[in-house]
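**Q** The following block contains the structure, expressed as structure tokens.
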Ligand SMILES: [Zn+2]
């Protein structure tokens, strides 16, 4: 098509002269000006951005009608409808009104108000648009009609949906800029905050069913699907299924027989639109202490029943969730302790993902306040270094998983009476390699294996002849309880073999998780 054009006169010079019959035809079918443009193959997006009134005027002048479209008469059945802008124009049979809505002030205002109502914090936005699948069928029917009626025009002999701009793309090009202006933020594709417009059109939904049914009936006649499941899948109304079915329905007469008409005509109402907003997750990291021997790290569910009233995860996350107004959260940490183990010292690093948060930027003083709120609400958990982090930083938590060391303090009982000197040799044990079989108590959730674990250093404080306190620094993932009691010989060597007596563990505390992450926050 001719690229040179001017908007100052009444005619589109983008169309070769002999296209005016097609334009008149589309106009009489009540196609909107933007659909007339795209069905004629117009590829300059700037033309589509022109006000709808101006486009209407140009088209009316091409088809030789009065420029006042309110008084214009069309050959197609004119239905008066109550579409979004309350006008009495027929709804475009091709885009179901979408390409009129995209520059409609009332529609724009409704979308702006809907986004505002959701009350998200954002500084730019991206747009996703979903359109009814029957738009493909409707466009196909119009192309079949044009090919049939204007067979003298070479240009329509092979035109398919792939050769013309799609309704959804034109809508997005135009509307994304308009919405950006009223939201007063930039439109940035793929940015964290997304506005989704979902268009539906109940009145014409059955057209997809008609198409897919037609397709599968035809299939049945030739070769029967082998499995019932396959048939169900084939009948599902998806975009690939609709596209495939349309590719087989390339004959005008066949289409007309199946749908009783070709092209499909104006519906009585324009498509409906629902607006939703979504923000990508935010991440909050910190370190926690656990001071209770009756608190699980995550909610403890046994055979569908909740055990214990709360957990480390809930004590930390619920307050933050309220603050950022998130849909949910996922807690993870650098290892975990048993219910009866305390985590002391500087605590254990953790990170929480909050999904669909409405508040995404918290200042350092807000974070500090949040930390104080958490710490003020409970005596059994404390957090420090609470901060927002980027998703990429989580990798450091996971990387540290295998290399880091952990320090422990354990209260030990021993069956034979000992003297303080009997504990001396423990200090000399360095980098003791253990062969540790998966402990019996975790066999139900961990595969059976023998793993090498290293105890880097040990020392002990004598308490009385039958009790002492053992300090250990070990490789991450070492099972301390099993090292102490031996787990029926499944951990070798163990404290029993080293002390040549039966030893048991009465209390265990994690005193340090030696991972320098996340960064320390100064008070
Ligand atoms: Zn249209």
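In my numbering, the protein residues as written are 661 to 1183.
Every residue, glycine too, gets a C-beta built ideally from N, C-alpha and C.
1) Do residue 993 and residue 971 come within 8 Å of each other at the CB atom, strictly closer than that value?
2) Under 7 Å: does the beta carbon of residue 806 sit that close to some heavy atom of ligand 1?
3) Determine, using beta carbons only, whether residue 843 and residue 772 come nearer to each other than 8 Å.
4) Excluding the 5 residues preceding and the 5 following residue 1101 in the sequence, name in chain order all residues of the same chain whose CB lies nearer than 8 Å to its CB.
5) Give a single yes or no on whether residue 692 has its beta carbon closer than 7 Å to a heavy atom of ligand 1.
6) Sorry if obvious, but does the Cβ on residue 752 come closer than 7 Å to a heavy atom of ligand 1?
7) For ligand 1, any of its heavy atoms closer than 7 Å to the Cβ of residue 759?
8) Is it true that the CB of residue 1143 sits closer than 8 Å to the CB of residue 1083?
9) Just the Cα atoms here: how many angstroms apart are residue 1045 and residue 1061?
10) Looking at the secondary structure, which residues open and close the alpha helix (DSSP H) in which residue 1177 lies?
11) Quick test of your reading: residue 871 and residue 902, contact by CB under 8 Å. State the CB separation rounded to the nearest angstrom.
12) Below 7 Å, is the gap between the Cβ of residue 700 and the nearest heavy atom of ligand 1?
13) Given residue 1119, which residues of its chain have a CB within under 7 Å of its CB, disregarding the five upstream and five downstream residues?
14) Determine the contact status of residue 1002 and residue 991, defining contact as a CB-CB distance below 8 Å.
15) What number of angstroms, rounded off, separates the C-alpha of residue 689 from the C-alpha of residue 910?
16) Tell me which residues share the same chain as residue 827 and place their Cβ nearer than 8 Å to its Cβ, disregarding the 5 neighbours each side in the sequence.
17) Say the cut is 7 Å; is the CB of residue 851 nearer than that to a heavy atom of ligand 1?
18) For residue 974, does the count of other Cβ atoms within 10 angstroms reach 16, so buried, or fall short, so exposed?
19) Where do the N-terminal and C-terminal ends of the beta strand (DSSP E) with residue 779 fall, by residue?
20) Quick check on the DSSP output: the beta strand (DSSP E) that includes residue 1011 runs from which residue to which?
21) DSSP state of residue 692, grouped into three classes?
22) What residues match up with residue 942 in a beta bridge as DSSP calls it?
23) Using beta-carbon positions only, say whether residue 1135 and residue 1065 come within less than 8 Å of one another.
24) Which runs of the alpha helix (DSSP H) fall wholly inside the region 1076-1158 and span at least 4 residues, in chain order?
25) Going by CA-CA distance only, name the one from 997, 962, 939 and 1006 that's closest to residue 984.
26) Under three-state DSSP, which class holds residue 976?
27) Ligand 1 heavy atoms versus the CB of residue 933: any closer than 7 Å?
28) In the DSSP assignment, find the unbroken alpha helix (DSSP H) run with residue 1062 in it and report its ends.
29) In angstroms with no decimal places, state the Cα-to-Cα distance between residue 863 and residue 931.
**A** The relevant details are as follows:
1) As a working note, residue 971 is residue 311 in the chain shown. As a working note, residue 993 is residue 333 in the chain shown. It is not a contact, given that the beta carbons lie outside the stated cut-off.
2) By one-based count along the chain shown, residue 806 stands at place 146. Distances taken from the Cβ of residue 806 to the heavy atoms of ligand 1 include none shorter than 7 Å.
3) Reading the chain shown from its first residue, position 183 is the one you call residue 843. Reading the chain shown from its first residue, position 112 is the one you call residue 772. A contact, by the Cβ cut-off of 8 Å.
4) Counting from one through the chain shown, the residue named residue 1101 turns up at place 441. So the list is empty, once near-sequence residues are dropped.
5) The residue given as residue 692 occupies position 32 in the chain shown. Within the chosen limit of 7 Å, ligand 1 reaches the beta carbon of residue 692 through at least one heavy atom.
6) Along the chain shown, one-based indexing puts residue 752 at 92. Yes, ligand 1 has a heavy atom inside 7 Å of this Cβ.
7) Translated into positions along the chain shown, residue 759 becomes position 99. The closest heavy atom of ligand 1 lies less than 7 Å from the beta carbon of residue 759.
8) By one-based count along the chain shown, residue 1083 stands at place 423. By one-based count along the chain shown, residue 1143 stands at place 483. Contact: no.
9) Locating residue 1045 in the chain shown gives position 385, counting from the first residue. Locating residue 1061 in the chain shown gives position 401, counting from the first residue. Residue 1045 and residue 1061: Cα-Cα distance of roughly 19 Å.
10) One-based indexing of the chain shown puts residue 1177 at position 517. For residue 1177, there is no enclosing alpha helix (DSSP H), as DSSP gives it neither H nor E.
11) Start at 1 with the first residue of the chain shown, and residue 871 comes out as number 211. Start at 1 with the first residue of the chain shown, and residue 902 comes out as number 242. Yes, residue 871 and residue 902 are in contact; Cβ-Cβ is about 6 Å, under 8 Å.
12) Within the chain shown, numbered from 1, the residue matching residue 700 stands at position 40. Between ligand 1 and residue 700, a heavy atom-to-CB distance of less than 7 Å is absent.
13) Reading the chain shown from its first residue, position 459 is the one you call residue 1119. Only residues of its own chain outside the window of five on either side were considered, and among them 1086, 1087 and 1131 have a CB closer than 7 Å to the CB of residue 1119, listed in chain order.
14) Taking the chain shown and counting its residues from 1, one reaches residue 1002 at position 342. Taking the chain shown and counting its residues from 1, one reaches residue 991 at position 331. No, these two residues do not count as a Cβ contact at 8 Å.
15) The residue labelled residue 689 in the question sits at position 29 within the chain shown. The residue labelled residue 910 in the question sits at position 250 within the chain shown. Those two C-alpha atoms are separated by around 21 Å.
16) Residue numbering aside, residue 827 sits at position 167 when the chain shown is read from its first letter. Around residue 827: 695, 698, 754, 755, 758, 759, 791, 795 and 799.
17) Against the chain shown, residue 851 aligns to sequence position 191. No heavy atom of ligand 1 is found nearer than 7 Å to the CB of residue 851.
18) The residue labelled residue 974 in the question sits at position 314 within the chain shown. Answer is buried; the Cβ neighbour count reaches 16.
19) Counting from 1 along the chain shown, the entry for residue 779 is found at position 119. Unbroken run through residue 779: none, as it is neither H nor E.
20) Within the chain shown, numbered from 1, the residue matching residue 1011 stands at position 351. Secondary structure note for residue 1011: its beta strand (DSSP E) is the uninterrupted segment 1001-1015.
21) For the purposes of this step, residue 692 is taken as the residue at position 32 of the chain shown. Shown here, residue 692 sits in coil according to DSSP, grouped into three states, outside any helix or strand.
22) Here residue 942 corresponds to residue number 282 of the chain shown, with the count starting at 1. Answer is 1014, bridged to residue 942.
23) Taking the chain shown and counting its residues from 1, the one referred to as residue 1135 is at position 475. Taking the chain shown and counting its residues from 1, the one referred to as residue 1065 is at position 405. Yes, they are a contact pair.
24) For the region 1076-1158, whole alpha helix (DSSP H) runs of length 4 or above, ordered along the chain, are 1140-1145.
25) Taking the chain shown and counting its residues from 1, the one referred to as residue 984 is at position 324. Here the closest residue by C-alpha is 939.
26) On the chain shown, residue 976 is found 316 positions in, with the first residue counted as 1. In the displayed model, residue 976 falls within a helix according to three-state DSSP.
27) Here the question's residue 933 lines up with position 273 in the chain shown. Answer for residue 933: no, Cβ out of range of ligand 1.
28) Counting from one through the chain shown, the residue named residue 1062 turns up at place 402. Here the alpha helix (DSSP H) through residue 1062 covers 1054-1063.
29) Taking the first residue of the chain shown as position 1, residue 863 is located at position 203. Taking the first residue of the chain shown as position 1, residue 931 is located at position 271. Taking the straight line joining both Cα atoms gives about 9 Å.
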